[in-house]
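Worksheet: one structure, shown below.
There are 2 protein chains.
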Amino acid sequence: MPRRAQTEVAVLGALSTGPMTGYEVRAAIGETLGHFWHESFGQIYPTLAALEEAGAVRPAPSGRRSRTVYEITADGVDRLRDLLSEPHRAPPARNGLLLRLFFGTHLPDGAPADLLADAERQAEAALEHYAEVRDEITGDDSPEQAYRTMTLAFGEHVARAQLAWARECLAALPDAEGGGAGARG
Amino acid sequence: MPRRAQTEVAVLGALSTGPMTGYEVRAAIGETLGHFWHESFGQIYPTLAALEEAGAVRPAPSGRRSRTVYEITADGVDRLRDLLSEPHRAPPARNGLLLRLFFGTHLPDGAPADLLADAERQAEAALEHYAEVRDEITGDDSPEQAYRTMTLAFGEHVARAQLAWARECLAALPDAEGGGAGARG
DNA sequence: AGCAGCATGTAAGTGGTTACATGATTGT
DNA sequence: ACAATCATGTAACCACTTACATGCTGCT
Chain A
1 MPRRAQTEVA VLGALSTGPM TGYEVRAAIG ETLGHFWHES FGQIYPTLAA
51 LEEAGAVRPA PSGRRSRTVY EITADGVDRL RDLLSEPHRA PPARNGLLLR
101 LFFGTHLPDG APADLLADAE RQAEAALEHY AEVRDEITGD DSPEQAYRTM
151 TLAFGEHVAR AQLAWARECL AALPDAEGGG AGARG
Chain B
1001 MPRRAQTEVA VLGALSTGPM TGYEVRAAIG ETLGHFWHES FGQIYPTLAA
1051 LEEAGAVRPA PSGRRSRTVY EITADGVDRL RDLLSEPHRA PPARNGLLLR
1101 LFFGTHLPDG APADLLADAE RQAEAALEHY AEVRDEITGD DSPEQAYRTM
1151 TLAFGEHVAR AQLAWARECL AALPDAEGGG AGARG
């Protein structure tokens, strides 16, 4: 399966919740899939045009001429189901933080500690964000929310893992390396 | 900083451990950075050519004419240090597994359970691999190995998190959804 | 002689970002 | 009037993968 198809999944998935403009599709993806997916306008508009060409979406009547509200068609729902069913090929991992840390001996004193402190902060911020999202979606026990909760739980697990890892590594760093990040602990 | 620079980091980092051919650079990256980095030949050879042009690497004498062994120059070491010091911009996340799971209600019965079972297996396999790598590098307390151990620990933490998450989600799935993955537990 | 693995490289295509250009709508 | 934001789209560029083409080396 071409990776391009994944953008179609995101767009069709967003439209499966209701008619939207391209602009709103992007916002919807950012709000609901934000911590594990992302699309830029440069992807969304051409994808919407291709999906319309293929009959998977169609313009819906809207009050203003300056915007095009798209709705998913029956063919589009089928297409979404088909795309979702295709096997999932994960692209090779690329983690810039680990790439830098791996060559930590080539870095100036304190730089590895700074990298780890950044990772710690990122994880903390992510956990705060997830807590807010959890608050928003509690009380809803629809099937959709069950899956949404699973993806949220993934983010939480990984963020907690990163947080624990960063703290362990900071604690294990020799004092000489910790100078750049200031006093810690 | 252009993302291209990260390939340079990987290549220069590999060469910082000793002279190598492009083929060997790729193998070295795959072996030591494998769980968080990857380069294809289509990236490595042009990058080596560009680095040679820039004076960061140079061909070293080798027995055979059919291969070019590169070694890092003093300029190359400087360049590596400079590249490593540049701020790290993480590209937007894209997790195909979560994208599929999020739209789980559009999937046939059992498909979400299959996705989770796959994730569980992946994490188990990763942990087995990491255990082997740990065995290989224990007993070496050089600074290089300290950083290598940190990147390994990251992989372990994240894999354990994914494993726990997948099992929790599988346990939480209603029975009707578990059929496709067979009896579990 | 033949095969597996070493080794180098290029071309085509994909997926994606970024920056730019443009204009409508809404709120103050 | 002005600013912010909604809204659409394109062009240029970048990073990367994949497939292909080619040949060498070492082993059996």
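Which chain is which? The protein sequence lines are A and B, in order.
No gaps in the numbering here: position 13 of the first sequence is 13 in the numbering used here, and each next residue is one more.
No gaps in the numbering here: position 41 of the second sequence is 1041 in the numbering used here, and each next residue is one more.
Every residue, glycine too, gets a C-beta built ideally from N, C-alpha and C.
Here the structure is a predicted model, which means the values were calculated and not measured.
Using the beta-carbon count (16 or more within 10 Å), is residue i buried or exposed?
{"i": "Y1023/B", "result": "exposed"}
{"i": "T21/A", "result": "buried"}
{"i": "A56/A", "result": "buried"}
{"i": "A28/A", "result": "buried"}
{"i": "E1128/B", "result": "exposed"}
{"i": "G1018/B", "result": "exposed"}
{"i": "T138/A", "result": "exposed"}
{"i": "A1049/B", "result": "exposed"}
{"i": "A1119/B", "result": "buried"}
{"i": "G1042/B", "result": "exposed"}
{"i": "G13/A", "result": "buried"}
{"i": "P1112/B", "result": "buried"}
{"i": "A1166/B", "result": "buried"}
{"i": "A1123/B", "result": "buried"}
{"i": "R1148/B", "result": "buried"}
Which of the three DSSP states is assigned to residue i in this structure?
{"i": "A1090/B", "result": "coil"}
{"i": "A74/A", "result": "helix"}
{"i": "A1174/B", "result": "The question names Ala, but residue 1174/B in the sequence shown is Pro. Three-state result, P1174/B: coil."}
{"i": "R1148/B", "result": "helix"}
{"i": "A1060/B", "result": "strand"}
{"i": "G179/A", "result": "A caution first: G179/A carries a pLDDT of 46, below 50, which makes its placement in the model unreliable, though a value can still be read off. Note: G179/A maps to helix in three-state DSSP."}
Which bits of chain A does residue i rub up against, with CB to CB less than 9 Å?
{"i": "R974/B", "result": "The displayed coordinates of chain B run from 1001 to 1185. Any statement about residue 974/B would go beyond what the structure contains."}
{"i": "A1090/B", "result": "N95, G96, L97 and Q122"}
Since residue i contacts residue j with CB under 8 Å, what's their CB separation in whole angstroms?
{"i": "A1090/B", "j": "G96/A", "result": "6 Å"}
{"i": "A117/A", "j": "L170/A", "result": "7 Å"}
{"i": "H1038/B", "j": "P92/A", "result": "4 Å"}
{"i": "E144/A", "j": "T1105/B", "result": "6 Å"}
{"i": "L51/A", "j": "G76/A", "result": "7 Å"}
{"i": "R1079/B", "j": "E1071/B", "result": "In fact, because the Cβ distance is near 14 Å, the residues do not count as touching under 8 Å."}
{"i": "A973/B", "j": "R160/A", "result": "Here chain B has residues from 1001 to 1185 only, and residue 973/B is not among them."}
{"i": "L83/A", "j": "L1107/B", "result": "Contact doesn't hold; Cβ gap of about 11 Å is too wide."}
{"i": "T73/A", "j": "T47/A", "result": "Incorrect: roughly 15 Å between the Cβ atoms, too far for contact."}
{"i": "V1009/B", "j": "L99/A", "result": "6 Å"}
{"i": "F36/A", "j": "G110/A", "result": "Rounded, the Cβ-Cβ distance is 32 Å, inconsistent with contact."}
{"i": "A1153/B", "j": "E168/A", "result": "7 Å"}
At 8 Å on the CB atoms, spell out the chain B contacts of residue i, in chain order.
{"i": "Q188/A", "result": "Since the first and last residues shown for chain A are 1 and 185, residue 188/A lies out of range."}
{"i": "A56/A", "result": "None at all; the shortest Cβ gap to chain B is about 13 Å."}
{"i": "A164/A", "result": "H1157"}
{"i": "R160/A", "result": "A1161"}
{"i": "H38/A", "result": "P1092, A1093 and R1094"}
How would you list, in chain order, the residues of chain A whose beta-carbon sits under 7 Å from the beta-carbon of residue i?
{"i": "M1150/B", "result": "L101 and C169"}
{"i": "R1121/B", "result": "Chain A residues near R1121/B: none, gap ~13 Å exceeds 7 Å."}
{"i": "Y1045/B", "result": "Neighbours of Y1045/B on chain A: none; closest Cβ ~18 Å, over 7 Å."}
Along chain A, which residues have their Cβ under 8 Å away from the Cβ of residue i?
{"i": "L1107/B", "result": "R81, L84 and S85"}
{"i": "P1143/B", "result": "G104 and T105"}
{"i": "G1117/B", "result": "Reading the sequence as shown, one finds Ala at residue 1117/B and not Gly. Correct list: empty, because the minimum Cβ distance to chain A is about 13 Å."}
{"i": "Y1147/B", "result": "L101, F102, F103, G104, T105 and P112"}
{"i": "H1035/B", "result": "A93"}
Interface residues of chain B around residue i at Cβ under 9 Å?
{"i": "V9/A", "result": "G1096, L1099, R1100 and F1103"}
{"i": "G13/A", "result": "L1099, F1102, F1103 and H1106"}
{"i": "A113/A", "result": "Within chain B, no residue comes near A113/A; the closest Cβ sits about 11 Å away, beyond 9 Å."}
Relative to the ligand ADP, is the shortest distance from any of its heavy atoms to the C-beta of residue i smaller than 7 Å?
{"i": "L163/A", "result": "Looking at this structure, you won't find the ligand ADP or any other ligand, since it has none at all."}
In chain B, which residues lie less than 7 Å from residue i when you measure between Cβ atoms?
{"i": "R64/A", "result": "Within chain B, no residue comes near R64/A; the closest Cβ sits about 30 Å away, beyond 7 Å."}
{"i": "F154/A", "result": "L1098 and W1165"}
Within the segment 89 to 164 of chain A, ranges of the alpha helix (DSSP H) (whole runs, at least 4 residues): 96 to 102 and 111 to 137
Completely contained alpha helix (DSSP H) runs for the segment 1014 to 1048 of chain B, where each covers 4 or more residues: 1022 to 1032
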